[in-house]
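Colleague:
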Amino acid sequence: MLKNRVLVSTLSVIAFLAAWEIAPRAGLVDALYTSQPSRVIVTGVEIIRTREFLHDVYVSLSEFAIGFALAIGIGVPLGLLLGRFAVLRHLLDPPIMAIYATPHLALLPIIIVWLGIGMASKVAVVFVGAAIPILVNSMAGVRGVERSWLLAARSFCAAERQVFLKVIFPASLPSVILGIRLGLSRGVLGVVVGEMYQSQAGVGNKIMRYGSEFRTDHLLFYVFLVSLFGFTAASSVRALEEKLWTTAK
Amino acid sequence: MDNGKMKGTKPVLLGIASFAAILLVWETMVRLGWVSPFFTSQPSAVALSLSRAARSGELWHNFAVSLREFAIGYGASVVVGILAGALAGRFRIVEYALDPFLWFLYSAPLIAFYPIFVLWFGLGAPTVIAITFLFSVTQIAVNTLRGIQNVDRRLLRAARSFGATERDLLWKVILPASVPMVVAGLRLGVGRALMGVVVGELFGATAGLGHSISYYGALLKTTDMIASLVVVIVVGVLCTQGLSAVEARFDSWRT
Numbered sequence: 001m002l003k004n005r006v007l008v009s010t011l012s013v014i015a016f017l018a019a020w021e022i023a024p025r026a027g028l029v030d031a032l033y034t035s036q037p038s039r040v041i042v043t044g045v046e047i048i049r050t051r052e053f054l055h056d057v058y059v060s061l062s063e064f065a066i067g068f069a070l071a072i073g074i075g076v077p078l079g080l081l082l083g084r085f086a087v088l089r090h091l092l093d094p095p096i097m098a099i100y101a102t103p104h105l106a107l108l109p110i111i112i113v114w115l116g117i118g119m120a121s122k123v124a125v126v127f128v129g130a131a132i133p134i135l136v137n138s139m140a141g142v143r144g145v146e147r148s149w150l151l152a153a154r155s156f157c158a159a160e161r162q163v164f165l166k167v168i169f170p171a172s173l174p175s176v177i178l179g180i181r182l183g184l185s186r187g188v189l190g191v192v193v194g195e196m197y198q199s200q201a202g203v204g205n206k207i208m209r210y211g212s213e214f215r216t217d218h219l220l221f222y223v224f225l226v227s228l229f230g231f232t233a234a235s236s237v238r239a240l241e242e243k244l245w246t247t248a249k
Numbered sequence: 250m251d252n253g254k255m256k257g258t259k260p261v262l263l264g265i266a267s268f269a270a271i272l273l274v275w276e277t278m279v280r281l282g283w284v285s286p287f288f289t290s291q292p293s294a295v296a297l298s299l300s301r302a303a304r305s306g307e308l309w310h311n312f313a314v315s316l317r318e319f320a321i322g323y324g325a326s327v328v329v330g331i332l333a334g335a336l337a338g339r340f341r342i343v344e345y346a347l348d349p350f351l352w353f354l355y356s357a358p359l360i361a362f363y364p365i366f367v368l369w370f371g372l373g374a375p376t377v378i379a380i381t382f383l384f385s386v387t388q389i390a391v392n393t394l395r396g397i398q399n400v401d402r403r404l405l406r407a408a409r410s411f412g413a414t415e416r417d418l419l420w421k422v423i424l425p426a427s428v429p430m431v432v433a434g435l436r437l438g439v440g441r442a443l444m445g446v447v448v449g450e451l452f453g454a455t456a457g458l459g460h461s462i463s464y465y466g467a468l469l470k471t472t473d474m475i476a477s478l479v480v481v482i483v484v485g486v487l488c489t490q491g492l493s494a495v496e497a498r499f500d501s502w503r504t
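Here the protein sequences line up with chains Y and B, keeping their order.
Just so you know, the first sequence maps onto residues 1 to 249 in the working numbering.
Just so you know, the second sequence maps onto residues 250 to 504 in the working numbering.
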């Protein structure tokens with residue numbers, strides 16, 4: 001069955017690539033609009049060799065890494081606290097939910113006004129995008145902890161601190177990781193959109209520039225690069241998640 | 250875990266209090282000159298700007314433009330997403346063939362296609378609609394697929410052993426059993442479609458709520474920008490709340 005899946009998936013991707021390659025050659029579509037797989041690959045090899053490429057990747061990756069690290073560093077503890085203390089939660093939940101329900105990228109223009117067009121504004125966009133799902137899921141994780149475990153821990157005279165560290169935190173970990181995975185894709189989207197909107201360097205900056213220059217092959221190379229990054233990052237967190245679930249059981 | 254569930258209206262009151270506190274702090278900080286209204290504006294000015302935009306008709310125009318883009322893009326993604334998801338859920342080979350593309354669309358920052366769409370469709374509504382469609386269609390397709398795949402095997406076997414035909418199975422077992430999952434996909438799809446409309450409009454639109462945020466932002470007219478942002482937030486909250494209510498109904502219908 002597995003073999004069959006791989007075979008069918010591969011065939012369908014090959015068919016797509018073949019159609020994409022042949023259609024412009026046959027004159028069905030204009031290669032200016034669609035480019036071709038062969039051209040994208042050739043262009044990609046050229047781009048990778050340039051110094052500018054390394055610089056762009058460095059800028060985008062550091063914006064993402066800083067913003068995402070901040071989102072985890074603030075989102076997880078705050079989420080655990082809100083899950084633990086109901087008054088705090090009722091106080092902060094409505095504004096958090098309002099931001100969660102909003103397309104958070106609508107905040108982009110005002111973040112640019114506040115932080116300028118440099119790296120700081122992208123870090124902030126990644127942070128806002130990723131922190132909310134991380135916070136919400138950490139909160140839900142704490143609230144979902146089996147009550148009987150808490151009762152058991154308390155009846156064996158565990159201190160509040162022990163209850164938190166030894167029961168609540170480990171039990172809510174799978175939910176925290178889920179939040180991190182959800183935050184990840186929002187973070188990647190944030191970097192790209194932020195850089196496309198206003199920036200001086202970075203992968204999103206290049207996407208916008210090549211797009212407006214109609215250089216479709218350059219554009220598509222960067223698109224695939226970002227997709228590959230998003231896919232790899234999401235898959236690795238998912239693998240971690242599955243491992244945690246199996247050890248939790 | 251939630252010991253001492255707060256009774257009655259207390260959570261609601263606390264929620265209202267927190268919004269009121271935010272507005273109050275915001276207004277006083279500006280009034281006292283601690284922060285510059287150039288950066289943060291102030292609630293009273295935003296309210297004025299909103300009422301002016303509402304009276305001049307600008308607000309309704311932008312709202313109508315965004316709503317139309319949303320309706321077309323999301324509508325198309327519901328039809329295509331459910332159809333593709335249902336086919337993939339029913340036929341293994343379709344699932345395997347679509348799988349790599351769904352994965353790609355799911356993990357790609359789709360907005361990166363925006364410059365290509367501008368090439369294809371031109372600046373304005375069609376591009377925004379295309380982005381809205383792409384943002385929401387994968388979510389709906391994947392949820393429909395999972396919904397159909399996760400139908401309880403025992404239900405299927407039971408129906409078959411009582412002589413149900415394939416058509417009966419589809420209409421009387423598979424579809425009803427997968428509805429909650431599909432509805433969840435539709436709800437998540439709405440959120441992503443809203444994001445698509447706003448982001449699409451931020452870049453290359455000529456009207457709409459996202460466009461006016463971006464437009465006033467570029468002019469550094471913070472008050473008008475925040476006014477449009479408030480409208481987007483309110484629309485987002487109303488959509489999410491409404492859909493959660495709808496979903497709760499469908500969920501109870503299953504059991």
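Built from N, CA and C at the ideal position, the CB exists for glycine as well.
So is Ile96 (chain Y) buried or exposed if we call it buried at 16+ other beta carbons inside 10 Å?
Modeller: Locating residue 96 (chain Y) in the first sequence gives position 96, where the first residue counts as 1. Buried, by the Cβ-count rule.
Colleague: Judging by CA-CA distance, which residue of B:Ala442, B:Gly440, B:Ala408 and B:Asn399 is the nearest neighbour of Ser427 (chain B)?
Modeller: The sequence position of residue 427 (chain B) within the second sequence is 178, counting from 1. Closest option to Ser427 (chain B), Cα to Cα, is B:Asn399.
Colleague: The alpha helix (DSSP H) spanning Trp114 (chain Y) covers which residue range?
Modeller: Your numbering for residue 114 (chain Y) matches position 114 in the first sequence. Taken as a continuous stretch (DSSP letters only), the alpha helix (DSSP H) holding Trp114 (chain Y) covers Leu108 to Leu115.
Colleague: Return the chain-ordered list of same chain residues with a C-beta closer than 7 angstroms to the C-beta of Leu435 (chain B), the five sequence neighbours on each side being excluded.
Modeller: The residue labelled residue 435 (chain B) in the question sits at position 186 within the second sequence. So the qualifying residues of the chain are Val327 and Ile389.
Colleague: Okay, do the segment 399-409 of chain B and the segment 465-474 of chain B touch, 3+ Cβ pairs below 8 angstroms being the bar?
Modeller: Cβ pair count under 8 angstroms is below three, so no.
Colleague: Using a Cβ cut-off of 7 angstroms, pull out every chain Y residue sitting near Thr376 (chain B), in sequence order please.
Modeller: Within the second sequence, the letter at position 127 stands for residue 376 (chain B). Ordered by position in chain Y, no residue passes the 7 angstroms Cβ test against Thr376 (chain B), which lies about 11 angstroms from the chain.
Colleague: I'd like to know whether the C-beta of Asp348 (chain B) is nearer than 8 angstroms to at least one C-beta of chain Y.
Modeller: Taking the second sequence and counting its residues from 1, one reaches residue 348 (chain B) at position 99. Yes, contact with chain Y.
Colleague: Please classify Gly129 (chain Y) as buried or exposed, where buried requires at least 16 neighbouring CB atoms within 10 angstroms.
Modeller: The residue given as residue 129 (chain Y) occupies position 129 in the first sequence. Gly129 (chain Y) is buried by the Cβ-count criterion.
Colleague: Check whether the Cβ atoms of Tyr355 (chain B) and Thr387 (chain B) sit closer than 8 angstroms, and answer yes or no.
Modeller: If you number the second sequence from 1, residue 355 (chain B) lands on position 106. If you number the second sequence from 1, residue 387 (chain B) lands on position 138. In contact: Tyr355 (chain B) and Thr387 (chain B) (Cβ atoms closer than 8 angstroms).
Colleague: Use the C-beta contact count for Arg341 (chain B): other C-beta atoms within 10 angstroms, 16 or more gives buried, fewer gives exposed.
Modeller: The sequence position of residue 341 (chain B) within the second sequence is 92, counting from 1. Classification for Arg341 (chain B): exposed.
Colleague: In whole angstroms, what separates the C-alpha of Phe64 (chain Y) from that of Leu225 (chain Y)?
Modeller: Your numbering for residue 64 (chain Y) matches position 64 in the first sequence. Your numbering for residue 225 (chain Y) matches position 225 in the first sequence. Those two C-alpha atoms are separated by around 15 angstroms.
Colleague: Can you tell me whether DSSP reads Ser30 (chain Y) as helix, strand or coil?
Modeller: Within the first sequence, numbered from 1, the residue matching residue 30 (chain Y) stands at position 30. The amino acid at residue 30 (chain Y) is misidentified as Ser; the sequence shows Asp. Of the three classes helix, strand and coil, the one that applies to Asp30 (chain Y) here is coil, per DSSP.
Colleague: May I ask you to list, following chain order, the residues of the segment 12-44 of chain Y that have a beta carbon less than 7 angstroms from some beta carbon of chain B?
Modeller: The segment 12-44 of chain Y vs chain B, Cβ under 7 angstroms: Ser12, Val13 and Tyr33.
Colleague: Unbroken beta strand (DSSP E) runs of length 3 or more, entirely within the segment 434-472 of chain B: which are they?
Modeller: Those beta strand (DSSP E) runs which fall completely within the segment 434-472 of chain B and span 3+ residues do not exist here.
Colleague: Exposed or buried, what is Lys254 (chain B) when buried is set at 16 or more other beta-carbons lying within 10 Å of its beta-carbon?
Modeller: Here residue 254 (chain B) refers to the residue found at position 5 of the second sequence. With a pLDDT of only 46 at Lys254 (chain B), under the threshold of 50, the placement of this residue in the model should not be trusted; the figure read from the coordinates follows. Exposed.
Colleague: For Arg84 (chain Y) and Val125 (chain Y), what's the separation of their Cα atoms in angstroms?
Modeller: To locate residue 84 (chain Y), count along the first sequence from 1; it is residue 84. To locate residue 125 (chain Y), count along the first sequence from 1; it is residue 125. Their Cα atoms are separated by approximately 28 angstroms.
Colleague: Taking DSSP as the reference, what is the three-state secondary structure of Phe169 (chain Y)?
Modeller: To locate residue 169 (chain Y), count along the first sequence from 1; it is residue 169. Correct three-state label for Phe169 (chain Y): helix.
Colleague: Select from B:Val431, B:Val480 and B:Leu347 the residue whose C-alpha is nearest the C-alpha of Leu308 (chain B).
Modeller: Here the question's residue 308 (chain B) lines up with position 59 in the second sequence. Cα-wise, what sits closest to Leu308 (chain B) is B:Val480.
Colleague: Roughly how many whole angstroms lie between the Cα atoms of Val261 (chain Y) and Asp217 (chain Y)?
Modeller: As shown, chain Y starts at 1 and ends at 249. That puts residue 261 (chain Y) outside it, with no answer to give.
Colleague: Output the distance between the C-alpha atoms of Ile360 (chain B) and Pro292 (chain B), rounded to the nearest integer angstrom.
Modeller: Numbered from 1 along the second sequence, position 111 holds the residue referred to as residue 360 (chain B). Numbered from 1 along the second sequence, position 43 holds the residue referred to as residue 292 (chain B). Each residue's alpha carbon lies about 32 angstroms from the other.
Colleague: Beta-carbon separation of Ala454 (chain B) and Gly324 (chain B) under 8 angstroms?
Modeller: Your numbering for residue 454 (chain B) matches position 205 in the second sequence. Your numbering for residue 324 (chain B) matches position 75 in the second sequence. No, these two residues do not count as a Cβ contact at 8 angstroms.
Colleague: Taking a Cβ distance cut-off of 9 angstroms, strictly less, list which residues of the segment 73-104 of chain Y are near chain B, in chain order.
Modeller: Cβ contacts with chain B come from Gly83, Arg84, Ala86, Val87, Arg89, His90, Leu91, Leu92, Asp93, Pro94, Pro95, Met97, Ala98, Ile99, Tyr100, Ala101, Thr102, Pro103 and His104.
Colleague: Comparing alpha-carbon positions, which option in Y:Asn4, Y:Leu92 and Y:Met208 lies nearest Ile265 (chain B)?
Modeller: Looking up residue 265 (chain B) in the second sequence gives position 16. Among Y:Asn4, Y:Leu92 and Y:Met208, the Cα nearest to that of Ile265 (chain B) is on Y:Leu92.
Colleague: Could you have a look at Ile137 (chain Y) and say whether DSSP puts it in helix, strand or coil?
Modeller: If you number the first sequence from 1, residue 137 (chain Y) lands on position 137. Sequence inspection shows Asn at residue 137 (chain Y); the Ile mentioned does not correspond to that position. Helix, per DSSP.
Colleague: With a cut-off of 8 angstroms on the beta carbons, I'd call Leu182 (chain Y) and Asn137 (chain Y) a contact; round off their distance for me.
Modeller: Indexing the first sequence from 1 puts residue 182 (chain Y) at position 182. Indexing the first sequence from 1 puts residue 137 (chain Y) at position 137. Confirmed, about 7 angstroms.
Colleague: Strictly below 7 angstroms CB to CB, what residues from chain Y border Ile331 (chain B)?
Modeller: The count along the second sequence starts at 1 and reaches residue 331 (chain B) at position 82. Ordered by position in chain Y, no residue passes the 7 angstroms Cβ test against Ile331 (chain B), which lies about 21 angstroms from the chain.
Colleague: Rank Y:Phe169, Y:Ser38, Y:Leu28 and Y:Ala71 by C-alpha distance to the C-alpha of Arg186 (chain Y) and give the top, closest one.
Modeller: Sequence index remark: in the first sequence, residue 186 (chain Y) carries index 186 (1-based). The residue with the shortest Cα to Cα distance from Arg186 (chain Y) is Y:Ala71.
Colleague: For the alpha helix (DSSP H) containing Val327 (chain B), list its first residue and its last residue.
Modeller: The residue labelled residue 327 (chain B) in the question sits at position 78 within the second sequence. Its alpha helix (DSSP H) spans residues Glu307 to Arg339.
Colleague: Measuring only the C-alpha atoms, how far is Ser212 (chain Y) from Ala201 (chain Y)?
Modeller: Position 212 of the first sequence, counting from 1, holds the residue named residue 212 (chain Y). Position 201 of the first sequence, counting from 1, holds the residue named residue 201 (chain Y). Cα to Cα, the separation comes out at about 15 angstroms.
Colleague: Between Val274 (chain B) and Ser175 (chain Y), what straight-line distance do the alpha-carbon atoms span, to the nearest angstrom?
Modeller: By 1-based counting over the second sequence, the position of residue 274 (chain B) is 25. By 1-based counting over the first sequence, the position of residue 175 (chain Y) is 175. One C-alpha to the other measures close to 34 angstroms.
Colleague: Please classify Gln86 (chain Y): is it buried, with 16 or more other beta-carbons within 10 angstroms of its beta-carbon, or exposed?
Modeller: Residue mapping note: residue 86 (chain Y) aligns to position 86 of the first sequence, counting from 1. Just to set this straight, residue 86 (chain Y) is Ala in the shown sequence, not Gln. Looking at its Cβ environment, which holds 16 or more other Cβ atoms inside 10 Å, Ala86 (chain Y) is buried.
Colleague: Short check: CB of Val448 (chain B) to CB of Gly459 (chain B), under 8 angstroms?
Modeller: Looking up residue 448 (chain B) in the second sequence gives position 199. Looking up residue 459 (chain B) in the second sequence gives position 210. Going by C-beta atoms, Val448 (chain B) is nearer than 8 angstroms to Gly459 (chain B).
Colleague: What are the residues of the segment 430-444 of chain B that lie near chain Y, defined by any Cβ-Cβ distance shorter than 7 angstroms?
Modeller: The residues in question are Leu443 and Met444.
Colleague: Report the neighbours of Met474 (chain B) on chain Y: residues whose CB is nearer than 7 angstroms to its CB, in chain order.
Modeller: As a working note, residue 474 (chain B) is residue 225 in the second sequence. Those within 7 angstroms of Met474 (chain B) in chain Y are Pro109 and Ile110.
Colleague: Could you check the C-alpha separation between Leu165 (chain Y) and Ala153 (chain Y) for me, to the nearest Å?
Modeller: Residue 165 (chain Y) sits at position 165 when you count from the first residue of the first sequence. Residue 153 (chain Y) sits at position 153 when you count from the first residue of the first sequence. In a straight line, the C-alpha of Leu165 (chain Y) is about 11 angstroms away from that of Ala153 (chain Y).
Colleague: What residues from the segment 288-299 of chain B come within 9 angstroms of chain Y, judged by C-beta to C-beta, listed N to C?
Modeller: Those would be Phe288 and Thr289, in chain order.
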